[in-house]
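K.L.:
Before I ask anything, here is the structure I am working with.
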Amino acid sequence: MEKILTGFCYTDIHNQQAMLDYPTTVRSSLIKAKELAMEEFGKADIALIGGDNVSDYPYWNKSCAWPKKNFLDLKAKLHACVAESAKDGKVMYVAGNNDMILGDIATEENEPYNTTDFYDLMDNAFGNLPDNEKIILKSVEKPGELYWGAFHYVVNGLDFIGINIDPNTAFNSHEGSYSDETLVWVKNKMDEIDPDGKKPVFVVGHLSAIYYYNDGTLTETMVNGSTALFYDIFKGHKNAFYLYGHVHGERSCYKKFSSGAILHINKDNLPVDMNLTATDSKDKDYEFTFVHMGGLRPFDRSLYEEDGLTGYGGEDELKYFVPTGTPKLAQYLVFEVYSDRVVFHIRNTGTHEEYNYKDKLQEYTVYLR
């Protein structure tokens, strides 16, 4: 059957520390992911950025003084990189918890601004959204700024809903959450665009909900906000997919099979199984599906090439920052939509012996119901 759409997913880039000194530097694993994805699949119909584009500067609870010119510089470079891999520059951005707290509050030297403001880029690529296709939130901390709580695009006849962290939960918090108002809006939008519960609909957000780390640990990772409202979004939508980031690094990478990134959720809001070595969804009974988009930054300092940057990174003196180097271990997601199925591919970008970019993981197919 003819393919309807190809999507590239890049998340948890974490441009951080000396990478945020002016002029800014885009993380090399994103550049590599973009190049590899295009080489294997051609240009995508849509690219999804899953949040945490920026990171600790150098400590999350001291990070609210990033100059606006740095943000604008990184924003332009990030978009130029990713837009190259998407037809007509169609790149959809959602906000991560780190994006929401970095450089976002006024200091004596810096006016407040919205570090999640990729809205102009999306308007240029997808067209301006009418009021009924987005929900606007305001921040108590910054009443002059408007935030998109959630928004809806249609690409190649397929529905994509982006969902952002509530700005009122972002400041002085390392997690953040989705607002109740936003979750209700998304639920209503899902019911509107998929009244029969059979259309493939892709909801894209940063926050994970429930996750199997690769040591087999099942963790409820949505620690703030209403999880009941969150799960209710997907009820009655059998072909709904929630694409997310937030969990990343060496405990969250996949070997040989892409299936571990896909969790089918049952009526009790729990995964049907760990799904580690399956190749398709045929034998599974479930309500909806969660899909991990990978992660482009590890944690352990040994998992970087020795090509990091020296800079100030928010410190008073020049310092060498190991995690600004090229990650040896990083993964991204590609998905292909057909009329009867969605095929997911997890791919590597680094040189790690167990996660080498030359190794192609077994694809995983979800058959639409």
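Under our numbering, the first residue of the sequence shown carries the number 1265, and numbering increases by one thereafter.
Glycine is no exception: its CB is placed at the ideal position from the N, C-alpha and C atoms.
Remember, predicted model here, so these are calculated numbers, not experimental data.
If you reduce the DSSP assignment to three classes, tell me which class Gln1626 lands in.
P.N.:
strand
K.L.:
Using DSSP bridges, identify the partner residues of Thr1574.
P.N.:
Tyr1584
K.L.:
Does Asn1363 come out as helix, strand or coil in the three-state DSSP assignment?
P.N.:
Reading off the sequence, residue 1363 comes out as Asp, not Asn. If DSSP states are grouped into helix, strand and coil, Asp1363 belongs with the helices.
K.L.:
Whose CA, out of Lys1548, Asn1432 and Asn1396, lies closest to the CA of Ser1403?
P.N.:
Asn1432
K.L.:
Can you give me the Cβ contacts of Asp1363 inside the same chain, cut-off strictly under 7 Å, excluding the 5 residues immediately before and after it?
P.N.:
Gly1315, Asp1316, Asn1317, Val1318, Thr1379 and Thr1380.
K.L.:
Take Asp1458 and list the residues in its own chain whose beta-carbon comes closer than 6 Å to its own, dropping the five residues that flank it on each side.
P.N.:
Contacts found: Val1465 and His1501.
K.L.:
Starting from the Cα of Gly1614, find the closest Cα among Asp1547, Trp1449, Ser1566 and Val1511 and give me that residue.
P.N.:
Ranking the options by Cα distance to Gly1614, first place goes to Ser1566.
K.L.:
Any idea what DSSP makes of Arg1515, helix, strand or coil?
P.N.:
The DSSP-derived three-state label of Arg1515 is helix.
K.L.:
Which residue's Cα is closest to the Cα of Ala1359: Cys1345, Ala1347 and Gly1426?
P.N.:
Gly1426
K.L.:
Take Tyr1621 and list the residues in its own chain whose beta-carbon comes closer than 8 Å to its own, dropping the five residues that flank it on each side.
P.N.:
Lys1296, Leu1300, Arg1611, Asn1612, Thr1613, Gly1614 and Thr1615
K.L.:
So does the segment 1268-1282 actually touch the segment 1600-1609, counting three or more Cβ pairs closer than 8 Å?
P.N.:
yes
K.L.:
Name, in chain order, the residues that DSSP records as bridge partners for Arg1611.
P.N.:
According to DSSP, which records beta bridges pairwise, Arg1611 is partnered with Tyr1596 and Lys1624.
K.L.:
Measure the C-alpha to C-alpha separation of Arg1291 and Phe1552 and round it to an integer number of angstroms.
P.N.:
33 Å
K.L.:
Just how far apart, CA to CA, sit Asn1503 and Lys1333?
P.N.:
42 Å
K.L.:
With a cut-off of 8 Å on the beta carbons, I'd call Tyr1628 and Ser1522 a contact; round off their distance for me.
P.N.:
5 Å
K.L.:
Considering only their Cβ atoms, is the gap separating Ile1400 from Thr1446 smaller than 8 Å?
P.N.:
no
K.L.:
Does DSSP put Ile1457 in a helix, in a strand, or in coil?
P.N.:
helix
K.L.:
If you draw a straight line from the alpha carbon of Lys1453 to that of Asn1396, how long is it in whole angstroms?
P.N.:
9 Å
K.L.:
Indicate whether the contact test is met: 3 or more Cβ pairs, each with one atom in the segment 1548-1564 and one in the segment 1508-1523, closer than 8 Å.
P.N.:
yes
K.L.:
Apart from the five residues on each side of it in sequence, which residues of its chain come closer than 8 Å, Cβ to Cβ, to Asp1337?
P.N.:
Tyr1286, Pro1287 and Thr1288
K.L.:
Which partner residues does His1416 have in the DSSP bridge list?
P.N.:
Ile1425
K.L.:
Let me know the secondary structure DSSP gives Phe1305 once reduced to three states.
P.N.:
helix
K.L.:
Answer with buried or exposed for Thr1483, where buried requires no fewer than 16 other C-beta atoms within 10 angstroms of its C-beta.
P.N.:
exposed
K.L.:
Take the Cβ of Lys1265 as the centre, count every other Cβ of all protein chains shown within 10 Å, and call the residue buried at 16 or more, exposed below.
P.N.:
The residue you asked about is not Lys; residue 1265 is Met in the sequence shown. So Met1265 counts as exposed.
K.L.:
Around the Cβ of His1416, are there at least 16 other Cβ atoms within 10 angstroms (buried) or fewer (exposed)?
P.N.:
buried
K.L.:
Applying the criterion that 16 or more other CB atoms from any shown protein chain within 10 Å of the CB defines a buried residue, is His1438 buried or exposed?
P.N.:
exposed
K.L.:
Run through the DSSP bridge pairs and tell me what Tyr1475 is partnered with.
P.N.:
Thr1483
K.L.:
Could you work out which residue in Phe1424, Lys1406, Asn1420 and His1343 is closest to Asp1384 when comparing CA atoms only?
P.N.:
His1343
K.L.:
Around the C-beta of Lys1519, are 16 or more other C-beta atoms found within 10 angstroms, so that it is buried, or is it exposed?
P.N.:
exposed
K.L.:
Determine the direct distance from the alpha carbon of Ser1490 to that of Ile1429, and round the result to whole angstroms.
P.N.:
13 Å
K.L.:
Measuring straight from C-alpha to C-alpha, what distance separates Asp1571 and Thr1541?
P.N.:
35 Å
K.L.:
Answer with buried or exposed for Val1346, where buried requires no fewer than 16 other C-beta atoms within 10 angstroms of its C-beta.
P.N.:
By the neighbour-count criterion, in which 16 or more other beta carbons inside 10 Å mark a residue as buried, Val1346 falls on the buried side.
K.L.:
Would the beta-carbon of Leu1597 fall within 8 Å of that of Phe1608?
P.N.:
With respect to Phe1608, Leu1597 sits close: the two C-beta atoms are nearer than 8 Å.
K.L.:
Can you tell me which of Ser1516, Phe1498, Arg1561 and Leu1294 puts its alpha carbon nearest to the alpha carbon of Asp1460?
P.N.:
It is Phe1498.
K.L.:
Tell me whether Asp1423 is buried or exposed, calling it buried when 16 or more other Cβ atoms sit within 10 Å of its Cβ.
P.N.:
buried
K.L.:
How is the beta strand (DSSP E) around Thr1379 delimited, first residue to last?
P.N.:
In this chain, Thr1379 is not harboured by any beta strand (DSSP E), its DSSP state being neither H nor E.
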